[in-house]
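Line by line, the protein sequences are chains A and B.
The opening position of the first sequence corresponds to residue 1206 in my numbering, with each subsequent residue numbered one higher.
The opening position of the second sequence corresponds to residue 496 in my numbering, with each subsequent residue numbered one higher.
This report concerns only the one structure given below.
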Amino acid sequence: MSGQGPVEAVTSEWIKLRSVRSTLYTLAVTVFLCVGIGALISFGRGSHASKTEGGFIFDPTRVSLQGFFIAEISIGVIGVLIISSEYATGSIRATLAATPNRLSVLAAKTVVLFAATLVVGQFCSFLSFFVGQAILAGQGASSATLSTPGALRGVLLAGLSLALLAVFAMGIGTMLRHTAGAVTVYVAILLVSFLILAALPTDWQHTVSKFLPEVLTESMRSATQSGGPFSAFSALTSTLVLAAYAVAAFVGGAVLLVRRDA
Amino acid sequence: MSLLPAITSEWIKFRTLRSTRYALLATVVLSIGLGALVCYAQRHAWSTETYPEHQAFDPTATALSGFFFAEIAIGVIGVLIMSSEYSSGSIRSTLGATPVRLVVLCAKAVVLFLATFVVAEVCSFGSFFVGQAILSGVTTTATLRTPGALEAVVLGGLSLSILALLALGLATMLRHTAGSITVYVALTFVLFLIVLALPSSWGIHVFKYLPEILTGSMRSTRAANASGAQYGALYSPLVSTLILSSYAVASLIAGGLLLVRRDA
Chain A
1206 MSGQGPVEAV
1216 TSEWIKLRSV
1226 RSTLYTLAVT
1236 VFLCVGIGAL
1246 ISFGRGSHAS
1256 KTEGGFIFDP
1266 TRVSLQGFFI
1276 AEISIGVIGV
1286 LIISSEYATG
1296 SIRATLAATP
1306 NRLSVLAAKT
1316 VVLFAATLVV
1326 GQFCSFLSFF
1336 VGQAILAGQG
1346 ASSATLSTPG
1356 ALRGVLLAGL
1366 SLALLAVFAM
1376 GIGTMLRHTA
1386 GAVTVYVAIL
1396 LVSFLILAAL
1406 PTDWQHTVSK
1416 FLPEVLTESM
1426 RSATQSGGPF
1436 SAFSALTSTL
1446 VLAAYAVAAF
1456 VGGAVLLVRR
1466 DA
Chain B
496 MSLLPAITSE
506 WIKFRTLRST
516 RYALLATVVL
526 SIGLGALVCY
536 AQRHAWSTET
546 YPEHQAFDPT
556 ATALSGFFFA
566 EIAIGVIGVL
576 IMSSEYSSGS
586 IRSTLGATPV
596 RLVVLCAKAV
606 VLFLATFVVA
616 EVCSFGSFFV
626 GQAILSGVTT
636 TATLRTPGAL
646 EAVVLGGLSL
656 SILALLALGL
666 ATMLRHTAGS
676 ITVYVALTFV
686 LFLIVLALPS
696 SWGIHVFKYL
706 PEILTGSMRS
716 TRAANASGAQ
726 YGALYSPLVS
736 TLILSSYAVA
746 SLIAGGLLLV
756 RRDA
């Protein structure tokens, strides 16, 4: 018998994740900025309640969840660091010696990362929602409750989108094994693609926009369909497309992890 | 050790690291390549677009569209030149060799600024000529003699080196690669998205001060009317350059203060 089984691998990954200072800082910053910026945007939009500003139909659910822009970055950094920091310190060699089956290592990291970011993501999304709706209602703007059609789905899928992005980022980190490079690629795919979209002609925008991660997550956290200036998939289809990206990044990382020296 | 030998040693570190070369290569390839892609798309969509869209079309800024990506890659280089010394521990030998800490920061800033300036001008002139070649014959195009075009191409490149210095200052403050890149990206891109989500009557006060808007103005030939009515007039390219430079200077000063006061 050599090394750990899957349960032990999950346990050791959980210890590593929760006992590293950078994880705790990053998660605390994620929650704080996500809820705080969501509250700021709710306050702004509630006090200037024009219905279609910026090409968006006023959707109180999405407005309260706008802080997720920043949460997406910090959650991606956690996803990258869970693997790249092991390469930076060299501890990946001890990890792979303890669990020689490399897919077990990656699977264990995925389980721990997905579960932890899902809990934090849902915490962010429910808290952002309630704080945002309270602010909107306090200003007499239209607000939502969890029984508003699409609102509960928007809140749940917003939290899920963070967990999927974390796994996506972990896949990139596994492929590149370098913190700076992996964070750069993650941010480029997430945000820069969105900015380049704006430079494209309108008919190209309609073709590609719905596949961009930022448009997918925006659709996931909306209660109403087609809320934005770009054409988008429905919330559920967007979830599946984003999940497919996460799976693709995981598989890419897994193939390289198995084939390369550590 | 005085400034010149410090600059020499920073230059050796800069040019011999694999990560610098990869990041610079990625900057050039992606900024020119993405700019070319956007120009190709505009060329194909031209006949279906309206007269006002044709009037608003800025061939110079369109050719420099790939700079969105270059801004990230160049920021990462600016971060790594400092943070990688903290992750490897080599900052202690660096400070042992050059005990005056501000000299170290100055030397890094000089090397970073000059190297990224050369690469960034290659990116901007390359993007400009490739983009105009793709657009030519179909859309309106620019030459370097078009009013504002040469200024936009030169300042577009300069904007990248200023951002690199901003990133260096952040990394000197934070001393951690992932954290510094995150903060840099939050300042350059996420802040922009957040302001877009706020009501425009709020955004109008801060919009023209956002790094992404300043660099957009620097690489545009018609910054003054590019933003549309919603956010009012932007700063001219030259004023935008000064504001962006003041951010970089502020970030370097804050980094310098912390570098002098803290243990390494």
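All residues carry an ideal CB built from backbone N, CA and C; glycine is no exception.
Treat the numbers as computed from the prediction; the structure is a model and nothing was measured.
Asked                                                                                                                                                             : Found
One question on the structure: do B/V523 and B/V614 come within less than 9 Å of each other, judged by their Cβ atoms?                                            : yes
Three Cβ pairs or more, each shorter than 8 Å: is that satisfied between the region 670 to 679 of chain B and the region 1380 to 1389 of chain A?                 : yes
Give me the Cα-Cα distance between B/L653 and A/Q1327, rounded to the nearest whole angstrom.                                                                     : 42 Å
On the CB-based measure, 16 or more other CB atoms within 10 Å of its CB, does B/G750 come out buried or exposed?                                                 : buried
Is the beta carbon of A/S1192 sitting closer than 9 Å to the one on A/G1243?                                                                                      : The question about residue 1192 of chain A has no answer, for chain A in this structure spans 1206 to 1467.
Pull up the distance between the alpha-carbon of B/N720 and that of B/L660, whole angstroms please.                                                               : Low local confidence applies: a pLDDT of 48 at B/N720 is under 50, so the model's placement there is unreliable, with the coordinate-based value given in what follows. Cα to Cα, the separation comes out at about 29 Å.
Is the number of C-beta pairs between the region 1365 to 1382 of chain A and the region 1279 to 1291 of chain A that are closer than 8 Å three or more?           : yes
Any residues in the region 686 to 715 of chain B with a beta carbon nearer than 7 Å to a beta carbon of chain A? Which ones, in chain order?                      : L688, I689, L691, A692, L693, P694, S695, S696 and W697
Residues in the region 510 to 529 of chain B with C-beta within 9 Å of chain A's C-beta atoms, listed in sequence order?                                          : S514, Y517, A518, A521, L525 and L529
Assuming contact is defined by CB atoms lying nearer than 9 Å, are B/K508 and B/I586 in contact in what I supplied?                                               : no
Assign B/R757 to one of three DSSP states: helix, strand, or coil.                                                                                                : coil
Relative to the C-alpha of B/S622, which candidate in B/I527, B/Y730, B/R510 and B/A602 has its C-alpha closest?                                                  : B/I527
Where does A/G1210 land, buried or exposed, given buried means 16+ other C-beta within 10 angstroms?                                                              : exposed
Kindly say whether B/A721, judged by its beta-carbon, lies nearer than 9 Å to any beta-carbon of chain A.                                                         : Confidence at B/A721 is low in this model, with a pLDDT of 49, below 50, so the placement of that residue should be treated as unreliable; the coordinate-derived value is given next. Closer than 9 Å: no.
Looking at the unbroken alpha helix (DSSP H) that takes in B/T545, where does it start and where does it end?                                                     : Segment: none, B/T545 is in no alpha helix (DSSP H) and carries neither H nor E.
Going by beta carbon distance, what residues of the same chain come within less than 6 Å of B/W506, once the five residues before and after it are set aside?     : V606
If you follow the alpha helix (DSSP H) that A/F1335 is part of, which residue opens it and which one closes it?                                                   : R1307 to G1343
Can you find the residues in the same chain that come closer than 7 Å, C-beta to C-beta, to B/S582, ignoring five residues on each side of it along the sequence? : T672
Helix, strand or coil for B/H671 per DSSP?                                                                                                                        : coil
Once DSSP output is grouped into helix, strand and coil, what is the label at A/E1218?                                                                            : helix
What number of angstroms, rounded off, separates the C-alpha of A/L1405 from the C-alpha of A/M1375?                                                              : 30 Å
Got a sec: is the Cβ-Cβ distance from A/I1278 to anything in chain B below 9 Å?                                                                                   : yes
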